[in-house]
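S.K.:
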Amino acid sequence: MVQDARRRWLLLAVVGAGLLLITLDNSILYAALPTLVDDLGASSSQSLWIINAYPVVMAGLLLGSGTLGDRIGHRRMFLIGLVVFGVASLAAAFSPTADTLIAARAFLAVGAAAMMPATLALIRVTFHDERERNVAIAVWGSLALVGGALGPIIGGLLLNSFWWGSVFLVNVPVVVAALIATLVLAPPNDADPTKRWDLVSSLLALVALVGLVIAIKETAKPDPAPAPIAIALLAAVVGGWAFARRQHRLPYPLLDFAIFRNRAFLAGVLSAGFSLFALAGIQLITTQRFQLVEGYTPLGAGLLVAAVALGALPLAMVGGAILHKVGLLPLIAGGLALGTVGSALVLLNFDSSTGLLITGLLVTGAGLGAAMSVASSAIMGNVPASRAGMASSVEEVSYEFGSLIAVALLGSLLTGVYAATVDLPAGVPDSARDSLDKALTLAGNDNPSLVTAASTAFDGAYFTVMVVVTAVMAVGTIVTGLLLRRHGPGSALSAPVHH
Numbered sequence: 001m002v003q004d005a006r007r008r009w010l011l012l013a014v015v016g017a018g019l020l021l022i023t024l025d026n027s028i029l030y031a032a033l034p035t036l037v038d039d040l041g042a043s044s045s046q047s048l049w050i051i052n053a054y055p056v057v058m059a060g061l062l063l064g065s066g067t068l069g070d071r072i073g074h075r076r077m078f079l080i081g082l083v084v085f086g087v088a089s090l091a092a093a094f095s096p097t098a099d100t101l102i103a104a105r106a107f108l109a110v111g112a113a114a115m116m117p118a119t120l121a122l123i124r125v126t127f128h129d130e131r132e133r134n135v136a137i138a139v140w141g142s143l144a145l146v147g148g149a150l151g152p153i154i155g156g157l158l159l160n161s162f163w164w165g166s167v168f169l170v171n172v173p174v175v176v177a178a179l180i181a182t183l184v185l186a187p188p189n190d191a192d193p194t195k196r197w198d199l200v201s202s203l204l205a206l207v208a209l210v211g212l213v214i215a216i217k218e219t220a221k222p223d224p225a226p227a228p229i230a231i232a233l234l235a236a237v238v239g240g241w242a243f244a245r246r247q248h249r250l251p252y253p254l255l256d257f258a259i260f261r262n263r264a265f266l267a268g269v270l271s272a273g274f275s276l277f278a279l280a281g282i283q284l285i286t287t288q289r290f291q292l293v294e295g296y297t298p299l300g301a302g303l304l305v306a307a308v309a310l311g312a313l314p315l316a317m318v319g320g321a322i323l324h325k326v327g328l329l330p331l332i333a334g335g336l337a338l339g340t341v342g343s344a345l346v347l348l349n350f351d352s353s354t355g356l357l358i359t360g361l362l363v364t365g366a367g368l369g370a371a372m373s374v375a376s377s378a379i380m381g382n383v384p385a386s387r388a389g390m391a392s393s394v395e396e397v398s399y400e401f402g403s404l405i406a407v408a409l410l411g412s413l414l415t416g417v418y419a420a421t422v423d424l425p426a427g428v429p430d431s432a433r434d435s436l437d438k439a440l441t442l443a444g445n446d447n448p449s450l451v452t453a454a455s456t457a458f459d460g461a462y463f464t465v466m467v468v469v470t471a472v473m474a475v476g477t478i479v480t481g482l483l484l485r486r487h488g489p490g491s492a493l494s495a496p497v498h499h
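Residue numbering for the sequence shown follows the numbering used here, starting at 1 and increasing by one per position.
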């Protein structure tokens, strides 16, 4: 019995290492982005796609990979994902151009999409005791949050001594160790050939997501062109409609929409999405602002936003252990409410008080830690074991979708507001509107008025984006609060699952 328990927790450590790789690669480029853009000569559009290619492709493939895991076995899917992730990391590290790096990041996402549902599904089928499983899932959720928050720090540390490709090479030894440990520790492969996997559905989901991202990026430009926006929106709507229609007609759909009728399940999905939206948005814009405006090093900016992870750890670790006593409502809705307060503190103090800024980041992290620690339990505890792959895919889509929309919307909004509001001094090329980084390059050491004008405009854009982040978290608080208002401690994980 003791040996079995040790094996279970060692397996949790292994799948947790895989999850850390996945979430680190979502955020490890935030601190490295200015350096990477300079070295590769990437445009502002390419720089956003370098970030976004990963979550776009992953979110599009996650539903299919979860169901494929149900069919061929989650152990096998995890191993396949590790191999693809390792090879793609090598390709990304040695990419000679921005376009090559974007393609490598998309390939990385294929490996991540194969691994991610398997990590949670393996926990679901390994931990049979409900309280023990809640703790294991809380650790899983904590690692997702901490991995995302630690990405900028690790990126900054590596850039202090190595070139930007090192942020991808660091994945390789972890992949090798996880491969060996999985072969030793993971339970026998749980393949179910009766399950069907539909590639067409995955491709339709990917079309819908790519169309949505392109529409957001084009709309946020200073002079948006109607034609690309219309085409992208049409692709998003048609792809989404065709995906939903196909799911209703398939005997074994990638996504059974009936599972969303469960309020606790839906609240968990929304909690994951709102939390990652806030986390990714704050990290992306804060690391850029403090490097470009305040002159922080990549490591310094990474350490600053690490306050989110530091604030998240206590409640993230405790949430699963106290869930059976307090229920979902105070942890999910209450956590998002606390995160809203922290985000407001960041909004009001980012350019005036470093102490209050860090306090705001700590409070934001505490709230997100509480919400994310039990989001997984709300999702996985409200589906039968036979739907473990589908449920874990839905959760991870919500994580990736939150991060994806944050980068697409908030990154584009940051650039758009800056370009629309910067007051360029006479004689400065209009290309200085493209980005603050471009303006600083043009200014050099002999145009302080351009530096001042560009920095002021960027701070105004930062303020605008933080208003959006705070408002979104407030909406998340209200929505999840309404969904969970009837879920007390005893009913947190016992609501009926509709089929």
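Heads up, the beta-carbon is just placed ideally off N, CA and C, and yes, glycines get one too. Fair warning: this is a prediction, and the values are worked out from it, not measured in the lab.
Can you find the residues in the same chain that come closer than 6 angstroms, C-beta to C-beta, to GLY151, ignoring five residues on each side of it along the sequence?
M.R.: The answer, listed in chain order, is LEU24, SER27 and ILE28.
S.K.: Comparing C-alpha positions only, which one of ASN349, ILE154, THR421 and MET77 sits nearest to ALA186?
M.R.: MET77
S.K.: Below 8 angstroms on the Cβ atoms is my contact criterion, and I expect VAL305 with LEU361 to pass it. Report the Cβ-Cβ distance as a whole number of Å.
M.R.: At roughly 7 angstroms, the Cβ-Cβ gap stays under 8 angstroms, so VAL305 and LEU361 are in contact.
S.K.: Report the rounded CA-to-CA distance for GLY18 versus VAL87, giving the unit in angstroms.
M.R.: 15 angstroms
S.K.: Does the beta-carbon of ASN52 have 16 or more other beta-carbons within 10 angstroms, so that it is buried, or is it exposed?
M.R.: buried
S.K.: Which same chain residues, not among the five before or five after GLY156, have their C-beta less than 6 angstroms away from its C-beta?
M.R.: These residues qualify, in order along the chain: ALA31, PRO298, LEU299 and GLY302.
S.K.: By a C-beta neighbour count over all protein chains shown, 10 Å radius and 16 as the cutoff for buried, is ASN171 buried or exposed?
M.R.: With 16 or more other CB atoms across the displayed protein chains lying within 10 angstroms of its CB, ASN171 is buried.
S.K.: With C-beta atoms as the reference, is GLY342 less than 8 angstroms away from GLY367?
M.R.: For GLY342 and GLY367, yes; Cβs fall inside 8 angstroms.
S.K.: For LYS217, does the count of other Cβ atoms within 10 angstroms reach 16, so buried, or fall short, so exposed?
M.R.: buried
S.K.: For ASP423, which residues of its own chain have a beta-carbon under 6 angstroms away from its beta-carbon, when the five flanking residues on both sides are left out?
M.R.: ALA453
S.K.: Just to confirm, does LEU158 get its C-beta within under 7 angstroms of one of the non-hydrogen atoms of the ligand COA?
M.R.: Summarising the ligand content, the structure contains no ligands, and the ligand COA is consequently not present.
S.K.: Considering only the alpha carbon of each residue, which of ASP437, MET116, SER393 and VAL465 lies closest to ILE16?
M.R.: Position check: residue 16 holds Gly in this sequence, whereas Ile was assumed. When each option's Cα is compared against that of GLY16, the closest is MET116.
S.K.: Quick one: what's got a C-beta closer than 6 angstroms to SER166's C-beta in the same chain, skipping five residues either side?
M.R.: LEU158
S.K.: Going by DSSP, what residue range makes up the alpha helix (DSSP H) through ALA177?
M.R.: 171-185
S.K.: Roughly how many angstroms separate the alpha carbons of THR441 and SER449, rounded to a whole number?
M.R.: So the alpha carbons of these two residues sit roughly 13 angstroms apart.
S.K.: Which word fits PRO253, buried or exposed, when buried means at least 16 other C-beta atoms lie within 10 angstroms of its C-beta?
M.R.: Classification of PRO253: buried, given that the 10 Å Cβ count is 16 or more.
S.K.: Taking the alpha-carbon of ALA457 as reference, which of ARG485, ALA420, LEU336 and ILE405 has the nearest alpha-carbon?
M.R.: ALA420
S.K.: Can you tell which of VAL213, LEU310 and GLN247 has its C-alpha closest to the C-alpha of VAL363?
M.R.: The shortest Cα separation from VAL363 among VAL213, LEU310 and GLN247 belongs to LEU310.
S.K.: Using CA coordinates, which residue listed in LEU270, VAL200 and ALA225 is at the minimum distance from ALA242?
M.R.: VAL200
S.K.: Residues in its own chain within less than 6 angstroms of PRO455 by CB, not counting five upstream and five downstream?
M.R.: Contrary to the premise, residue 455 reads as Ser rather than Pro in this sequence. These residues qualify, in order along the chain: VAL293.
S.K.: Rounding to the nearest angstrom, what Cα-Cα distance links GLU400 and ARG433 in this structure?
M.R.: One C-alpha to the other measures close to 30 angstroms.
S.K.: What residue from GLY416, ALA474 and GLN46 has the CA that sits closest to ASP223's CA?
M.R.: Cα-wise, what sits closest to ASP223 is GLY416.
S.K.: Answer with buried or exposed for ARG131, where buried requires no fewer than 16 other C-beta atoms within 10 angstroms of its C-beta.
M.R.: Under the 10 Å beta carbon count, ARG131 is surrounded by fewer than 16 other beta carbons and is classified as exposed.
S.K.: Helix, strand or coil: how does DSSP classify ALA113 here?
M.R.: DSSP places ALA113 in helix when its eight states are reduced to three.
S.K.: Taking only runs that begin and end inside the stretch 69-102, name each unbroken alpha helix (DSSP H) of 4 or more residues, in chain order.
M.R.: 74-93
S.K.: Excluding the 5 residues preceding and the 5 following PHE127 in the sequence, name in chain order all residues of the same chain whose CB lies nearer than 7 angstroms to its CB.
M.R.: Sequence-distant Cβ neighbours of PHE127 in its own chain, meaning closer than 7 angstroms and more than five residues away, are ARG8, ARG133 and ALA136.
S.K.: Look at the Cβ atom of GLY148, then the Cβ atom of LEU279, and state whether they are nearer than 8 angstroms.
M.R.: yes
S.K.: Answer yes if the stretch 31-41 comes into contact with the stretch 174-194, meaning at least three C-beta pairs across the two stretches below 8 angstroms, and no otherwise.
M.R.: When Cβ pairs closer than 8 angstroms are counted between the two stretches, the stretch 174-194 is seen not to touch the stretch 31-41, the count staying below three.
S.K.: Please report whether the beta-carbon of LEU157 lies at a distance below 8 angstroms from any beta-carbon of chain D.
M.R.: The structure shown has no chain D; it contains just one protein chain.
S.K.: Can you check which of these residues, VAL175, SER161, TRP49 and ALA59, is closest to SER89 by C-alpha distance?
M.R.: VAL175
S.K.: For ALA230, count the other beta carbons within 10 Å of its own beta carbon; 16 or more makes it buried, fewer makes it exposed. Which is it?
M.R.: By the neighbour-count criterion, in which a residue is buried when 16 or more other Cβ atoms sit within 10 angstroms of its Cβ, ALA230 is exposed.
S.K.: Between the Cα of LEU357 and those of VAL308, ILE322, GLY334 and PRO314, spot the shortest distance and give me the residue it belongs to.
M.R.: VAL308
S.K.: Counting only the same chain and skipping the five closest in sequence on each side, list residues whose C-beta sits under 6 angstroms from that of LEU203.
M.R.: Excluding residues within five positions, none has a Cβ falling inside 6 angstroms.
S.K.: In chain order, what residues of the same chain lie with their CB nearer than 6 angstroms to the CB of ALA114, ignoring the 5 residues before and after it?
M.R.: SER65, MET77, ILE80 and GLY81
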